[in-house]
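Reading through the structure tokens given below for one structure.
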Amino acid sequence: MMVYYYFSGETKPTEDNFKYSRKAEMSAFSNDAVELINKAWVAKKIEISADGDRKIEKNQARIEFWSFTGKKIDSVTQKEQQVLNPSPFVTKLKEMEKKNREICNGEIKRMQDEIERRKKQDSASK
């Protein structure tokens, strides 16, 4: 899953959350990125409360990448805004997709090993 936390409340155009959200929507989410997102990710868009303390990271605009196991893989915060340019963002998407695939393969192997262990345990107990 890719989760985009954005800020759309009333704010000044110079405010960091506004600039981040604008750059994400106008630059990172370009045609190539949209194709990759639609192909490999479940995209979710969550609005950040205007009431929150914007100095706390959870109240700041960001993009988070989550594995199918519910583990946060990585994020693109305001400190890494250069990743929001079209080419670096497409590269980031591909990197996160590869990382998620590795996690998936590891989980499949873990489940197969558990099945084999149980089969051996069952045959040993007979």
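Remember, the numbering used here sits 1433 above the position in the sequence shown when you count from 1.
Heads up, the beta-carbon is just placed ideally off N, CA and C, and yes, glycines get one too.
Residue i bridges to which residues according to DSSP?
i, result
"residue 1509", "1496"
"residue 1516", "None, per the DSSP bridge assignment."
Using the Cα positions of residue i and residue j, report the straight-line distance between them to the nearest angstrom.
i, j, result
"residue 1486", "residue 1540", "38 Å"
"residue 1506", "residue 1524", "15 Å"
"residue 1509", "residue 1445", "22 Å"
"residue 1439", "residue 1545", "40 Å"
"residue 1535", "residue 1502", "12 Å"
"residue 1481", "residue 1468", "25 Å"
"residue 1484", "residue 1521", "32 Å"
"residue 1376", "residue 1452", "The question about residue 1376 has no answer here: the residues shown for the chain are numbered 1434 through 1559."
DSSP three-state call for residue i: helix, strand or coil?
i, result
"residue 1435", "strand"
Checklist entry - Taking only runs of the alpha helix (DSSP H) that begin and end inside the segment 1438–1507, which ones reach a length of at least 4 residues, in chain order? => result 1449–1456 and 1464–1473
Checklist entry - Does the pairing of the segment 1467–1478 with the segment 1520–1529 give three or more beta-carbon distances under 8 Å? => result yes
Next on the checklist: With three or more C-beta pairs closer than 8 Å as the rule, is the segment 1534–1548 touching the segment 1510–1519?
Outcome noted: no
Checklist entry - Touch check for the segment 1493–1507 and the segment 1447–1460: three-plus C-beta pairs under 8 Å? => result yes
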